[in-house]
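Quick notes on the structure that follows.
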Amino acid sequence: MLDGLVTIKVIKSVDRSRTLVLFDIDGTLTVPRQSATKEVLDFLKELRKRATIGIVGGSDLVKQKEQLGPNVLTDFDYSFAENGLVAHKDGKLFHKQNLKEHLGEEKLKELINFLLHYIADLDIPVKRGTFIEFRVGMLNVSPIGRNCSQEEREQFNAYDNQHKIREKMVAVLNQKFGHLGLAYVIGGQISLDVFPKGWDKTYCLQHVEEAKFQEIHFFGDKTQPGENDYEIYTSPKVIGHSVKDPQDTVLKCKELFFS
887 MLDGLVTIKV IKSVDRSRTL VLFDIDGTLT VPRQSATKEV LDFLKELRKR ATIGIVGGSD
947 LVKQKEQLGP NVLTDFDYSF AENGLVAHKD GKLFHKQNLK EHLGEEKLKE LINFLLHYIA
1007 DLDIPVKRGT FIEFRVGMLN VSPIGRNCSQ EEREQFNAYD NQHKIREKMV AVLNQKFGHL
1067 GLAYVIGGQI SLDVFPKGWD KTYCLQHVEE AKFQEIHFFG DKTQPGENDY EIYTSPKVIG
1127 HSVKDPQDTV LKCKELFFS
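In terms of this note's numbering, the sequence shown has 919 at position 33, counting the first letter as 1, and numbering is strictly consecutive.
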């Protein structure tokens, strides 16, 4: 694992097949749940001339399009939604995994019932709607609810940093549902993701093995233990770069691939 400021041999060859650069989305290419700026999108177009590029996020494809544009499947060589459980290459779907079939309806219902009761009993300043979002390969769980406004999102994030609402929730879930073989990881500003162990962002790496890249770089902002970029950031298959925001991502990429 290397930090983005460490000197790494820059690949200047026009052979894009040698290097893959994967990006998290929220906090890495965009402000959480916001659209990418023109500066970032223009930079990605230039980077794509030098390397194969892809995105890997916990959100679904709909949210990827909202944040990175309607042509996200063709603007990136790889699009890995839901950690790669829904995978596109060159604009075409080639892999899809299903949480419901993997876990089974009874276990899934037991977990969801517990989550709803847990959130109902939480005493936090604000609650809105959509506390559990059922995705193809995971559950996204938000104590405040995904229908909150941007201002409420930021307020909850500050409150959570102080009171550790999501961190405590993860500890309870690991204790009560550890037998299900699920991972509970904090992501973004307001939620945590629930998925089978091994279905974290490293899941997407199996999809690029055949390409035999000489280097795979990953840029993410949630790289601490218990956060949803940690596993891929620390994977021995990847050169990991921890970033603070989209501007930091662009800066570190320029230092690596354009200096």
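Beta carbons: idealized from backbone N, C-alpha and C, even for Gly. Note that the coordinates shown come from a computational prediction; the quantities given were computed from them, not determined experimentally.
**Asked** Taking all protein chains shown into account, do 16 or more other C-beta atoms lie within 10 angstroms of the C-beta of D1107, making it buried, or fewer, making it exposed?
**Response** buried
Q.
DSSP has L908 in a bridge; who is on the other side?
A. G940 and F1104
Nearest by alpha-carbon distance to L954: which of E925, H1003 and I1076 is it?
E925
I want to know whether the stretch 1064 to 1078 touches the stretch 949 to 969 - three or more CB-CB distances under 8 angstroms. no
Requested in this report: Would you list the one or two residues that DSSP bridges to A973?
Outcome: F966 and H981
Check: Roughly how far, in whole angstroms, is the beta-carbon of Y964 from the beta-carbon of G943, given that I think they are within contact range, below 8 angstroms?
Finding: That belief does not hold up - the Cβ atoms of Y964 and G943 are roughly 12 angstroms apart, past 8 angstroms.
DSSP three-state assignment for I1051, whether helix, strand or coil = In this structure, I1051 counts as helix in the three-state DSSP scheme.
Proximity of V1022 and L1078 at Cβ, strictly below 8 angstroms: no
message: If the criterion is Cβ atoms closer than 8 angstroms, does the pair N1114 and V1071 meet it?
response: yes
>> In the DSSP assignment, the beta strand (DSSP E) including A1069 goes from what residue to what residue?
In response: L1068 to G1073
field: Among E932, F980, K1098 and E1038, nearest to P872 - alpha-carbon criterion
entry: In the structure as shown, the chain begins at 887 and stops at 1145. Residue 872 is therefore absent and cannot be evaluated.
* Asked: What does a CB cutoff of less than 6 angstroms around S921 pick up in its chain, not counting 5 residues either side in sequence?
  -> If you ignore the 5 residues before and after S921, its C-beta comes within less than 6 angstroms of the C-beta of Q953, all in its own chain and listed in chain order.
- With distances taken between CB atoms, is the gap from S1128 to T1109 smaller than 8 angstroms? yes
Item checked: Residue span of the alpha helix (DSSP H) that contains F1000, given as start and end -> E991 to D1007
For L908, which of I1118, K1140 and S1145 has the nearest alpha-carbon? I1118
With distances taken between CB atoms, is the gap from F1144 to R904 smaller than 8 angstroms? no
Can the beta-carbon of T914 be found closer than 8 angstroms to that of T1135? Contact flag set, yes.
Q. Do you know offhand how far L933's Cα is from D961's?
A. 11 angstroms
Which of the three DSSP states is assigned to G1126 in this structure? G1126: strand per DSSP, three-state reduction.
**Report entry** Extent of the continuous beta strand (DSSP E) to which V1012 belongs
**Finding:** No beta strand (DSSP E) holds V1012; DSSP gives it neither H nor E.
- Task: On the DSSP bridge assignment, give the partners of P918 in chain order.
- Result: DSSP, once it has assigned bridges, lists no residue as partnering P918.
Quick check: what's the CA-CA separation for K1140 versus F1105?
13 angstroms
Exercise for the section: Might you give, ordered along the chain, the residues of its own chain that have their beta carbon closer than 7 angstroms to the beta carbon of L1001, omitting 5 neighbours on each side? Expected result: I1018 and V1027
**Asked** By how many angstroms is the C-alpha of D910 removed from the C-alpha of C1090?
**Response** So the alpha carbons of these two residues sit roughly 12 angstroms apart.
### Message
Under DSSP, the beta strand (DSSP E) around L1078 begins and ends at which residues?
### Response
S1077 to P1082
Check your understanding: Under 8 angstroms, do D1086 and A1097 count as touching if we go by C-beta distance?
Key -> no
With burial defined as no fewer than 16 other Cβ atoms inside 10 Å of the residue's Cβ, what is the status of K1138: buried or exposed? Buried is the call here.
ask   = For F1017, does the three-state DSSP call read helix, strand or coil?
value = coil
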